[in-house]
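The opening position of the sequence shown corresponds to residue 1 in UniProt numbering, with each subsequent residue numbered one higher.
The beta carbon of each residue, even a glycine, is placed where N, CA and C say it ideally should be.
For clarity, every value in this text was computed on a predicted model and none was experimentally measured.
Working notes for the structure below.
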Amino acid sequence: MVSNFLKNGTNFFKQKQENILSAAAVIALMMLASRFLGLLRDRLLASYFGASADLDVYFAAFRLPDILFQLIIMGALSAAFIPVFSEYLSRGKEKEAFAITNSVLNASFLVFGALAGLIFIFAYPLGKLIAPGLAPWQIDKMVVLTRLMLLGQFFLIASNFLTGVLQSFQRFLVPAVAPLMYNLGIIAGIVILSPGLGIYGPTLGVILGSFLHFIIQVPLIYAFGFRYAAKLDLGHQGVKEVIRLMLPRTFGLAVSQIDPTVDVILASLLGAGSISVFNLALHLQSLPVGVFAFAIGTAALPSLAKEYTEKNLDKFKQIFLDSFHQILFLTVPASVFLLVLRLPIVRLVLGTGKFDWASTLSTALTLGLFSLSICAQSLVHVLARAFYALHNTKTPVVVSLISVGINVVAALILFHTRLEVAGLALAASLANFVNAGLLLYILDKKVGGFERKKLILPATKIFTAATIMGLATYLPVKILDQVFIDTSYVANLLVLTLLVSSFGLMTYIFLAYLFDLKELRILIDILKRIRNWPSIFFKLKDEEAIKEKIIEGSEHDA
């Protein structure tokens, strides 16, 4: 009985997700769970520390390790490693694909070790440069936290390579579970260690979470035949291709790190709690981006790369448009909800313990201005991956450079206004719209042009439905808040939020049905299949039926 249980459990995690919708469903559900754990993590941070000088130090300490992680991992994986690894797999060269993995992984370790050593040595002057507004005692503490977090990045580097390999094998479940383990590690650090160690508690939790993120993927990657080897073959053609694709992307990511670094610099000059407010609002608005955009973009990349490799440009366009409109369908209403309900959401999620009313108001305003560009942020995910599938990493770099320039200039202007830290969020939103718009315009030229009706009509319907939904949500929340419900009580506030959000959601669904949006039909089909969840995640017996429905929907919309 035990052996059967273990065998079935192993098969459960090894099952293949063969189409974008099923893969995206796996990723989205796990990302949703991870993001909710992230909300719990932030709630605990707000409760234990408030928007305080200590929490500012914690968030500021992430900056240098995050820069290192973004440059090494995000540059190598999404833009370079996964497309090359997938190409070798499609040719039946699995052994070579694993050899490339070892070489690129070891090269990443060497580069990380060298750069991490420099950061470890020069942490103090770098800390003063990144957070000039922090007091000397805060910089001292930031140095210690930064050095501790570098250890966690080592595990995340290895773990993200395992994620890339498993996703290339179209196994998305375990990689999608890994972020849950990361957040659980931080939560454990907050709850167990913070009472005695203060802000060092969640920092040690980061190390634990990073290790859990890595170790949960090891058994499955081992089952697929991967074995780590301390080999470095920079002369291999596949490794050369990864490096060729990686370099411009790495440069682009280096440019993109200017934005959050400037935000930390400016926020540190606005007084204690400003860095905390900015990051807490950023994390709240990242929920729909992480759940929907990351899921669909990640699931689409292998399919987009496959169709381009096989010269199926029409199918490439169709996959992109399906992903593009599904992201809009899910994120535009999310943006409206966060904008209209920003204050009750912040109160419900963060308004506990040491998180006071002034911090709540500041975070709500910052969240509202962030939420304006949720759809643009989300579209950048799938647009960038479309370019990666075309083996074009230069275009996203150039566009990123332009958007960074806009963000920095706007931030420097708006941070001096009455908006203060919220001005940084508005600047980011403006830059995100420029980024998404330019990428779409250039991609349209690269692939020979999308059919205008197929591109614009569904988007117009989605924005119209979301606008009406916003009005249908805003008016009831004002009336109920001022006349019928005393929102000074948390229970009443929760009731109000649930009532108006439910009404708004029903309005949006009704309008989507009225406008005959294909995206609604696809979503309903997925939700129906969740009742028979093994088939949506693993068996996929209805895959052809899903594809037929997508085609029918496309023809109907046309």
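Mapping the DSSP letters down to three states, classify Val57 as helix, strand or coil. helix
So, with DSSP's three-state summary, where would you put Lys311? coil
Buried versus exposed, by CB contacts within 10 Å (16 or more), Lys528: exposed
I believe Thr497 touches Leu348 by the beta-carbon criterion, under 8 Å. Please report the beta-carbon distance rounded to the nearest angstrom. 7 Å
What residue range does the alpha helix (DSSP H) around Asn435 cover? Taken as a continuous stretch (DSSP letters only), the alpha helix (DSSP H) holding Asn435 covers 421-446.
Report the rounded CA-to-CA distance for Ala123 versus Val143, giving the unit in angstroms. 6 Å
Here's a check: name, in chain order, each residue in its chain whose Cβ is nearer than 6 Å to the Cβ of Phe214, leaving out the five neighbours to either side. Answer for Phe214: Phe155, Ala158, Ser159, listed in chain order.
Going by DSSP in three states, Leu280 sits in which element: helix, strand or coil? helix
Counting beta carbon pairs with one atom in the region 249-260 and one in the region 182-199, are three or more of them shorter than 8 Å? no
Would you call the CB atoms of Gly504 and Gly470 closer than 9 Å? yes
Determine the DSSP secondary structure at Ala131, reduced to helix, strand or coil. coil
To the nearest angstrom, report how far apart Leu424 and Leu269 are at their CA atoms. 12 Å
Go ahead and label Leu110 buried or exposed: buried means 16 or more other beta carbons lie within 10 angstroms of its beta carbon, across all protein chains shown. exposed
Our contact map puts Arg43 next to Ile186 with C-beta atoms below 8 Å; I'd like the distance itself, whole angstroms only. By a beta-carbon distance limit of 8 Å, Arg43 does not contact Ile186. Their separation comes to about 12 Å.
Whole alpha helix (DSSP H) elements within the region 100-186, 4-residue minimum: Taking only runs of at least 4 residues, the alpha helix (DSSP H) segments lying wholly in the region 100-186 are 123-130, 136-168.
Three-way DSSP call (helix, strand, coil) for Asn392 in this model: coil
In its own chain, which residues sit with a C-beta less than 7 Å from the C-beta of Leu280, not counting the 5 before and 5 after it? Asp42, Ala46, Leu350, Thr363
Does the region 238-246 come close enough to the region 94-106 that 3 or more CB-CB pairs lie under 8 Å? yes
With H, G and I counted as helix, E and B as strand and the rest as coil, what does DSSP make of Ser373? DSSP places Ser373 in the coil class of the three-state scheme, outside both helix and strand.
Which residue's Cα is closest to the Cα of Met31: Ile413, Lys306, Gly297, Leu443? Gly297
How about the region 304-319 and the region 366-373: do they share at least three Cβ pairs that are nearer than 8 Å? no
Straight-line CA distance for Ser502 to Pro179? Each residue's Cα considered, the two are about 29 Å apart.
Can you give me the Cβ contacts of Ala410 inside the same chain, cut-off strictly under 6 Å, excluding the 5 residues immediately before and after it? Ala427, Leu430
So Phe316 and Leu304 are in contact, right, with Cβ under 8 Å, and what is the actual spacing, rounded? 6 Å
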